[in-house]
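Below is one structure, written out as structure tokens, with a few remarks after it.
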Amino acid sequence: MKNIDLEETYILNPAYKFRNDITSMVITNEDSLYFNTFEQNDNVASEFCWKTHPLISYLFSFFDGSHNLINTINLISSETSVPDEELKKAIIPFIENTETLIFPLLKEKFATSLPKNFLIIKQKGQAIRNILKGIDVQEIIEKLDLSSARCEIPNEITFMVNNKCVTNCIYCYANKSHKVENPITFERIKTIIKEARLLEVRDFQIVGGEFFLYENWYELLKILRDNRYDPYISTKVPIDENIIKKLKELGIEKIQISLDTIDNDKIMQILNVDNLYLGKMKTTLKNLEKYKIKVKIKSVITKINDTIEDVQNLLNYFSEFKNLIKVSIAPGDYSLYKPFSYASRKGDLEIIKEFIDKTQDDFPYPLDMQSIATSTIDLSFEERKASFDKRSICSGNLTSLFILPDGKATICEQVYWHPFFILGDLNNNSIMDVWNSNKSLNLWNFKQEDIKSESPCHACKDFTECRKGKGSCWRFAMEAYGFDNYDFPTYQCPYAPPVKNNIFHI
């Protein structure tokens, strides 16, 4: 057992919260106004949503900061009749744990997880926290159902404000050809945000198109923050000083700026902008520093700007600023909506990756480069399976919901208006009506026999475990095999056939 000071006061990490999910409890991150995953923290798990038993939440609700550890254990013991020593053995592993801990609940034949640093030392001045916020644990126990990984209430919602831009990027992944005839009204969006708050939805994000081309952007930010949400703003618009002042007034502390190169001729080619654009973006960065708004930079590499000189000039320029919290370099990957003629050669990207790995400590900000999309077809079955098993969880229609500019709801922004993935219409229906619609539930319970016979998924023995486990990326399937073959596996699957489309850097 760890050597833990029983006189110390430990609290549930403020980065985490329990949420009522009707038939279970969920452990997830705190609402984004209080914990935003924009800035990565290695000491905290982020962007997760795990079902757990309501008794787990009841047990840890005593760690509200009102008592030291020994008194908290005594209090739990008096409430539950579990001996102190048993409680110590059960609780101490979750104090400053360095990794996620998974443990079985044998009666329910269910394994639950709790994230790293789950219980931490209470800092001076931290208030006592109402962890359960009036949740009726017994009511949830009476409805308990841990048989499905899908949340009963979405944990994250994203609203795509428009599909308009001030740029026309050669690598754009967005479906900007779809004409939005009747955008969802701002009044309706306000109602949806308030409903999300009542449901204790953890996060409500906004994306474009272009956020600052949305007529009600200021009012939208205000109502989101009033409802405990801190939206992640990403823009390619050169924003003027007045807009930056408004952001500051609202309490916006960070923003993502996309800038691919500081070569004027090249940025004009990549973004299809005029020769004044780069100068305006440089002014934007200076004003963001002036008003002490933190900036994350996203830079996309294409065959136009894929030299070491291009990257080094860009990174040296960013070094002038003291408000940068991260710079991410990303290869311009395959787009469903643009010809892949902008692709850099794999070898050139590897040279850049090697340069970044060697020099990242030379720059005054965290720096990384996203992985290069390469074919796995030459790997052995075992190698492909090992890689596939480590894939990220697909959150679409599992924990998250995506609202398109016209109010239609889908599973994620990458599939846009593809009719197979439209779950419902939020113009006239509530969040819960759409989340529990026949379309949403049928998509989650997608039957293997409904998959076309040409797809390897049609007869795969791992179908249920795969699709109802981490899931298979629908977008990757469409990129590799075409829009109509969304029910094919992702190209990363060890059973996947050779791709039909040229989606890799070669």
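Going by numbering that gives the first Met the number 0, the sequence shown runs without a break in its numbering and finishes at 505. Think of the CB as a built atom: it goes at the ideal place given N, C-alpha and C, for glycine as much as any other residue.
Using a Cβ distance threshold of 8 Å, Leu68 and Ile3 count as a contacting pair.
Look at Thr409 here: in three-state DSSP terms it is strand. Asn70 is positioned such that its CB atom lies no closer than 8 Å to that of Asp229. In the three-state DSSP reduction, Leu275 falls in the coil class, being neither helix nor strand. Excluding five sequence positions before and after Pro330, the CB atoms of its chain that fall closer than 6 Å to its own CB belong to Ile300, Leu348, Ile371, given in chain order. When DSSP reads this structure, Ile300 sits in a beta bridge with Pro330. Selection Cys393, Arg390, Ser391, Tyr415 evaluated against Ile402 yields Tyr415 as nearest (Cα-Cα). About 7 Å separates the beta carbon of Ile261 from that of Leu277, a gap short enough to meet the 8 Å contact definition. Per DSSP, the beta bridge partners of Asn19 are Met24. For the pair Asn322 and Ile266, the Cα-to-Cα distance works out to about 23 Å.
Distances from the CA of Glu353 to each of Gln311, Thr166, Leu104 were compared; the closest alpha carbon is that of Gln311. Comparing C-alpha distances from Ile238 to each of Gln268, Glu209, Leu314 shows the shortest one belongs to Glu209.
With a 10 Å radius around the Cβ and a threshold of 16 neighbouring Cβ atoms, Phe59 comes out buried. Between the stretch 392 to 412 and the stretch 140 to 160 there are three or more inter-stretch CB-CB distances shorter than 8 Å, so the stretches are counted as touching.
If the five residues before and after Ser374 are omitted, its C-beta is found closer than 6 Å to the C-beta atoms of Phe503, all from its own chain and listed in chain order. In terms of Cβ geometry, Val160 and Ile191 do not form a close pair [threshold 8 Å]. With fewer than 16 other beta carbons inside 10 angstroms of its own, Gln125 counts as exposed. In the three-state reduction of the DSSP assignment, Trp49 falls in the strand class. With 16 or more other CB atoms across the displayed protein chains lying within 10 angstroms of its CB, Asp486 is buried. Counting only the Cα atoms, Gly64 lies some 6 Å from Thr8. Note: Glu155 is bridge-paired with Asp202, Ser399 in the DSSP secondary-structure output.
In this structure, the alpha-carbon of Ile376 lies about 12 Å from that of Lys384. DSSP places Asp367 outside any alpha helix (DSSP H); the residue lies instead in the beta strand (DSSP E), whose first and last residues are 366 to 368. Counting along the chain, Lys253 sits inside the beta strand (DSSP E) bounded by residues 253 to 257.
Note: Ile120 is bridge-paired with Tyr9 in the DSSP secondary-structure output. Taking one beta carbon from each stretch, the stretch 243 to 251 and the stretch 220 to 227 have 3 or more pairs nearer than 8 Å; the two touch.
Within the model, the alpha-carbon separation for Lys87 versus Leu5 is close to 10 Å. Cβ neighbours of Val136 within its own chain (closer than 6 Å, five residues either side excluded): Pro53, Tyr57. When rounded, the separation of the alpha-carbon atoms in Val165 and Lys357 is 35 Å. Straight across, the Cα-Cα distance linking Gln447 with His66 is about 53 Å.
Going by beta carbons, Trp49 and Ser147 fall outside the 8 Å limit. Here Ile140 carries a helix assignment [DSSP, helix/strand/coil].
For Leu104, the enclosing beta strand (DSSP E) begins and ends at 100 to 104. In the three-state reduction of the DSSP assignment, Leu113 falls in the strand class, which pools E and B. Asn19 counts as buried, since at least 16 other C-beta atoms from the protein chains shown sit within 10 angstroms of its C-beta.
With a cutoff of 8 Å on beta-carbon distance, Asn116 and Asn12 are scored as near each other.
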